[in-house]
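Inspection log for the structure reproduced underneath, given as structure tokens.
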Amino acid sequence: MTESRGLVLIVEDERHIADVQRLYLAREGFGVHVETDGIAGLAAARRMHPVAIVLDIGLPGLDGIAFCRALRDVGDWTPVLLVTARGEEADRILGLELGADDYLTKPFSPRELVARVKTVLRRAAGPPGQTESVGRLNVDPISRTVRCDGEPVELTATEFNLLAYLLQHVGQVFTREQLLARVWGYPGYRDTRMVDVFVSQLRAKLGEASPIRTVRGVGYSATASGR
Ligand code: CA
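Using the numbering used here, the first residue of the sequence shown is number 29, and each one after it goes up by one.
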């Protein structure tokens, strides 16, 4: 088995879904490890250091939400792609708030899965760029760290990318669709509420130092001076 693109951990209790996921990811050159319950999955995440985790929400042992919380609580920011069933919207939003990077709703095509895993990894790698100091924030795209008044702020890969993108374009107003295309890499993607979820997470973490301004009826922009 080639592992040239790194190991992806799949945590999925429906065998036939896990088999298809494994097949398509392996075909793209990922190493794949499958666990079918949440507790074994979390142990595998800690033991194997995967480059990304494809995480079902409804799992025996430990559900995807508790899994995500347990991972982030110990400062593990491995990109997580949450897999949700229809009707699990509240869980999906909670999962994003707990630090999942993206989600897929069942049923999805295997190609969609592969594309999303690649996107999550690309985002985690992030765009190269200059250190930006804006207001009380210092953003270093090389080490992917954010400091507020000199203190480090823990952000997920996606939170970091959204903040960095807005700060690279201070004063420019973006629609949610534009941010989905440029930060998430989903041109034409319709579920723009994801942008709102991530903006509110950033605001919660940055408090009054948050530079993100809501432009009513349009979208978001970053200001140089904070709100
Ligand atoms: Ca399930």
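Heads up, the beta-carbon is just placed ideally off N, CA and C, and yes, glycines get one too.
Is residue i helix, strand or coil by DSSP?
i, result
"residue 126", "coil"
"residue 47", "helix"
"residue 82", "strand"
"residue 169", "coil"
"residue 69", "helix"
"residue 214", "coil"
"residue 25", "What is shown of the chain runs 29 to 255, which leaves residue 25 out entirely."
"residue 42", "coil"
"residue 293", "Here the chain comprises residues numbered 29 to 255, so residue 293 is not present and cannot be evaluated."
"residue 186", "helix"
"residue 191", "helix"
"residue 198", "coil"
Return yes when at least one heavy atom of ligand 1 lies under 6 Å from the C-beta of residue i, else no.
i, result
"residue 24", "The structure shown does not extend to residue 24, since the chain is modelled only from 29 through 255, so no value can be given for it."
"residue 47", "no"
"residue 101", "no"
"residue 84", "yes"
In terms of residues, what are the limits of the alpha helix (DSSP H) holding residue i?
i, result
"residue 99", "92-101"
"residue 225", "221-234"
"residue 205", "204-207"
"residue 241", "Counting along the chain, residue 241 falls outside any alpha helix (DSSP H), though it belongs to the beta strand (DSSP E) covering 240-243."
Which same chain residues end up closer than 6 Å to residue i when comparing Cβ atoms and leaving out the 5 residues on each side of it in sequence?
i, result
"residue 195", "160, 162, 167, 250"
"residue 53", "36, 60"
"residue 40", "46, 84"
"residue 31", "Any reading at residue 31 must be qualified, since the residue scores a pLDDT of 36, below 50, and its modelled position is unreliable; the value itself is stated next. Cβ neighbours of residue 31 beyond the five flanking positions: 59."
Less than 7 Å between C-beta atoms, sequence neighbours within five positions excluded: which residues of the same chain meet that for residue i?
i, result
"residue 116", "85"
"residue 184", "105, 127, 129"
"residue 80", "36, 106, 107, 109, 145, 148, 149"
"residue 193", "210, 211"
"residue 176", "164, 165, 234, 237"
"residue 50", "38, 60, 62"
"residue 243", "201, 249"
"residue 221", "none"
Tell me which same chain residues have a C-beta within less than 8 Å of the C-beta of residue i, skipping the five on either side of it?
i, result
"residue 90", "65, 66, 67, 69, 70, 98"
"residue 254", "Only weak support is given to the placement of residue 254: the predicted model assigns it a pLDDT of 48, under 50, and the value that follows is read from those uncertain coordinates. Excluding residues within five positions, the ones whose Cβ falls inside 8 Å are 163, 164, 236, 237, 238, 239."
"residue 96", "83, 108, 110, 123, 126, 127, 128"
Who are residue i's beta bridge partners in DSSP?
i, result
"residue 133", "112"
"residue 37", "61, 81"
"residue 174", "167, 181"
"residue 247", "203, 243"
Under DSSP, the beta strand (DSSP E) around residue i begins and ends at which residues?
i, result
"residue 179", "179-181"
For residue i, would you say it is in contact with chain B, using Cβ-to-Cβ distances shorter than 7 Å as the test?
i, result
"residue 41", "Looking for chain B here will not work: only one protein chain is present."
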